[in-house]
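Here's the structure, in structure tokens; my notes come after.
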Amino acid sequence: MKSSRIPGFYKKTVEERRELLNETIGLTEDDLAVLSSRQALPIETADKMIENVVGTFPLPLGLGLNFLINGKEYIIPMAVEEPSVVASASHIAKLVRDAGGFTTEATERVMIGQIQVVGCADYDVAKQAVLEMKNELMEAANQAYPSIVQRGGGAKDLDVRILNDSPESNYGKMLVVHLYINTCDAMGANIINTMVESLAPTIEEITSGKVYLRILSNYADRCVARAKCVIPPELLVTGEYSGEAVRDGVVHAFEFADSDPYRAVTHNKGIMNGIDPVVIATGNDWRAVEAGAHAYASRYGSYRSMTKWSVDKEGNLVGELELPMSIGTVGGAIRVHPISQIAHKILAIESASELAQVIVAVGLAQNLGALKALVTDGIQKGHMALHSRSVAIAAGATGEMIDIIAEKLISEKEIRVGKAKELVEQYTK
Ligand code: MEV
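In structure tokens, the structure reads:
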């Protein structure tokens with residue numbers, strides 16, 4: 339890929355942007371036709387994806403630009419309805435790029451399957467019995483899904499927990515078997531569920547208990563990706579705000595979110611503003627990623643900031659984000675949804691681990707975009723500029739009229755559809 343830095347991209351028409359994208363990454367005629375189609379997801383395909391289909395629900399697909407991650411260029415497809423998200427991610431990516439780019443890493447891709455057992459006569463004995471059969475159980479799980487073993491993955495470990503052990507517990511005692519599975523490039527829901535379901539009868543035999551749930555855990559805390567950026571203060575100068583003032587403001591904002599769940603939820607929502615659009619565009623299960631991310635933000639006992647912002651010895655702003663990333667590059671909707679296939683082509687990633695790292699880098703960028711705005715002009719200025727365009731469109735503005743009406747709405751400080759309609763009438767007279 340050529341550079342992900344495409345100056346003035348936002349000023350181009352949609353058609354020109356597609357051409358530029360094509361020049362940068364090379365798309366097929368079919369890809370271009372899908373991107374320009376009014377029904378990119380054919381109704382026949384949609385009808386096979388879920389039940390009771392009556393239509394499809396399109397979202398804008400934008401490109402996060404300027405991303406440099408571990409020295410590699412990334413153009414990042416983002417499917418999202420909220421104005422400012424793509425612009426803000428691209429703006430921060432440019433800034434971080436000037437500071438050398440994001441660095442990222444990921445753990446091995448180990449996902450968790452759970453088996454719940456109740457009604458054991460002696461839970462400690464049952465636990466011991468399962469642990470003694472650990473190797474046989476892992477072998478049986480692998481036999482239930484041999485293709486993942488052929489791909490280098492499969493069951494890697496197993497352990498057992500006893501829940502509600504204390505006499506004060508309101509709930510019944512239960513045994514929970516955790517099967518740890520390397521799902522390679524798949525998110526792995528089918529692999530994991532098949533494996534844990536296959537073990538249930540043997541687990542009942544070993545424990546003399548009754549198995550109820552056999553399901554993956556979306557708390558994928560052994561499948562984690564991390565992103566980091568280090569930004570010198572001079573790159574943070576914003577209008578009349580010095581780089582140091584912005585840097586210190588961002589650290590104060592982090593400390594606020596890290597100490598107060600009321601703020602942390604909004605702060606983290608801003609991070610998911612960057613993460614979800616990439617997860618959606620790449621055909622992944624964003625509810626799984628959301629659920630895992632928020633649980634991870636509570637891992638120290640209270641709900642806290644997902645990111646960490648600090649100042650290093652040289653006075654640079656240092657940002658870090660670590661999250662579970664139960665995503666994949668194969669399986670699920672990825673190969674079914676035509677746009678998701680194009681998104682993967684645009685991203686040019688080679689593995690689920692690489693995609694996970696890109697996603698956390700976008701989350702980190704999105705967080706800095708929000709905090710930088712919040713500690714300087716406030717969020718509304720940029721939002722209103724973009725919102726005014728939506729208002730102009732809602733009032734019937736088209737083509738070049740959209741920007742003209744939007745600018746007028748801002749300068750007259752009246753961003754309302756009624757006002758925009760008046761302006762459209764004047765303009766078209
Ligand atoms: C809006 O979608 C996201 C923000 O509220 C995030 C934040 O407050 O950090 C701006």
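For the sequence shown, this note's numbering begins at 339 and goes up steadily by one.
We put the CB at the ideal spot given by N, CA and C, even for glycine.
Pair within 8 Å by beta-carbon distance, residue i and residue j
| i | j | result |
| --- | --- | --- |
| M722 | I753 | yes |
| G701 | I553 | no |
| A478 | S536 | yes |
| M387 | A681 | no |
| V423 | Q704 | yes |
| L496 | L475 | yes |
| V762 | E660 | no |
| V568 | V656 | yes |
| L747 | K757 | yes |
| I618 | A417 | yes |
| V515 | V455 | yes |
| R560 | I450 | yes |
| L397 | E419 | yes |
| I363 | A686 | yes |
| K719 | E658 | no |
| H675 | G621 | yes |
| K430 | L706 | As written in the sequence, residue 430 is Ile, which differs from the Lys given in the question. Going by C-beta atoms, I430 is nearer than 8 Å to L706. |
| L370 | R356 | yes |
| K683 | L365 | yes |
| A730 | I740 | yes |
| A708 | I697 | no |
Residue i to residue j span [Cα, whole Å]
| i | j | result |
| --- | --- | --- |
| N606 | S428 | 19 Å |
| G587 | M512 | 47 Å |
| T645 | P662 | 13 Å |
| L359 | P345 | 12 Å |
| P540 | P505 | The sequence given here places Thr at residue 540; Pro does not occur at that position. Approximately 29 Å between the Cα atoms of the pair. |
| I519 | V498 | 15 Å |
| N408 | V434 | 12 Å |
| K651 | K710 | 21 Å |
| G457 | I613 | 41 Å |
| E738 | V575 | 32 Å |
| D462 | T445 | 32 Å |
| G490 | T521 | 9 Å |
| A384 | S691 | 28 Å |
| K432 | S664 | 27 Å |
| G492 | N528 | 12 Å |
| V372 | D523 | 25 Å |
| S597 | S341 | 39 Å |
| V534 | G666 | 20 Å |
| Y412 | T441 | 13 Å |
| S726 | T736 | 13 Å |
| D503 | A464 | 14 Å |
| K548 | Q452 | 14 Å |
| F347 | N473 | 55 Å |
Residue i Cβ short of 7 Å to the ligand MEV heavy atom set
| i | result |
| --- | --- |
| A427 | no |
| I618 | no |
| L430 | Residue identity check: residue 430 is Ile in the sequence provided, not Leu. Not under cutoff, so the answer is no. |
| H632 | no |
| E593 | no |
| I842 | What is shown of the chain runs 339 to 767, which leaves residue 842 out entirely. |
| K607 | yes |
| E420 | yes |
| N654 | no |
| N611 | yes |
| A773 | Here the chain covers residues 339 to 767 and nothing more, so residue 773 does not appear. |
| T793 | The displayed coordinates of the chain run from 339 to 767. Any statement about residue 793 would go beyond what the structure contains. |
| L712 | yes |
Residues that residue i bridges to, as DSSP identifies them
| i | result |
| --- | --- |
| R499 | V514 |
| E443 | R564 |
| M533 | M533 pairs with nothing; no bridge assigned. |
| S342 | Bridge partners of S342: none, in fact. |
| L655 | I569 and V649 |
| S555 | I450 |
| P662 | V562 |
| I414 | G402 |
| V279 | It is not possible to answer for residue 279, since the shown part of the chain is limited to 339 through 767. |
Supposed contact pair residue j and residue i - C-beta distance, whole angstroms, cut 8 Å
| i | j | result |
| --- | --- | --- |
| A482 | T545 | So it is not a contact: roughly 19 Å between Cβ atoms. |
| P571 | E582 | 5 Å |
| A633 | Y557 | 5 Å |
| Y638 | A602 | Between A602 and Y638 the Cβ distance is about 12 Å, and since that is not below 8 Å, they are no contact. |
| A595 | S643 | 4 Å |
Residue i Cβ short of 7 Å to the ligand PLP heavy atom set
| i | result |
| --- | --- |
| G666 | Of the ligands one can find in the structure shown, namely the ligand MEV, none is the ligand PLP. |
Closer than 8 Å to chain B by CB, residue i
| i | result |
| --- | --- |
| S342 | Structure shown: chain B not included; a single protein chain is present. |
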